[in-house]
Ligand code: NDP
Ligand code: 8X3
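In our numbering, the protein residues as written are 2 to 253.
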């Protein structure tokens, strides 16, 4: 059987772009997300385009039981996951801490931190059993710096940064690679989700400069995942050329 990549959050943006790149490279895919129709559409398109096998598994990463049930029902041959891309994540709101919406905070923590943990808990054990594997965690420049009103989102991505380091230490005896990829501004549905469907406000985030696109990150993740067995890239920050730090974007 070909190699297998499990990509969370494959219904849009970076996850969907990763699905294309890994299918192009001949990987069989387990694609996940909550929006069933979109997930099936991505899977059907890749099935048509590439000679690979694809499983579309619909679940919410923040629902611990759904994660366990959905992953454990896979057949033993599909549990031989070579690459796990912990990509599912989101930001909701951009408010000072004193005005923050507590439901938004819970959603970000439950998705970006607990969701990543639930998936990793299951898949890391498969990798241990399989004697190999590579976990790629989607961090962010928000996991390296804190910016105004980013408070809780930044905290969740700082947690991903810490978990990435912790996983690498814990999984070291099993030969499992662990990498974090930390992008700056990537134009996806991310800002629309952050601003709860306000497309005009979302668009303004990318005004006057050229942001990264999902394909840039997917190709970077492919680079990371395709290094020789003895090479691991621990941590990689990737920014638009026009963005020096989280809060320092040169707009024309
Ligand atoms: P998108 O909004 O385009 O994609 C997010 C993906 O995550 C979707 O496929 C969505 O699927 C999935 N997702 C969100 N919540 C859940 C959930 N509870 N359960 C399952 N899947 C979920 O954004 P991006 O592609 O930009 O974001 C991908 C990752 O990259 C995130 O972790 C984000 O924090 C990170 N990132 C993004 C940057 C950017 O500027 N865009 C920069 C740095 C990091 P569905 O809604 O179908 O469940
Ligand atoms: C997404 C990038 O700068 O909006 O993680 O936090 S940023």
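Quick reminder that beta carbons are idealized off the backbone N, C-alpha and C, glycines included.
Local conformation of residue 126 per DSSP, three classes: helix
Three-way DSSP call (helix, strand, coil) for residue 231 in this model: coil
Local conformation of residue 139 per DSSP, three classes: strand
Coarse secondary structure for residue 42, derived from DSSP in three states: helix
7 Å Cβ shell around residue 189 - same chain, five flanking residues per side excluded: 13, 14, 15, 215
Cutoff 7 Å; reference residue 211; Cβ partners in own chain excluding five residues on either side: 241, 243
CB contact flag (residue 105, residue 63, <8 Å): no
Residue 72 - containing alpha helix (DSSP H), residue span: 65-73
Residue 203 Cβ short of 7 Å to ligand 1 heavy atom set: no
Per DSSP, the bridge partner or partners of residue 99: For residue 99, which the question treats as bridged, DSSP gives no partner whatsoever.
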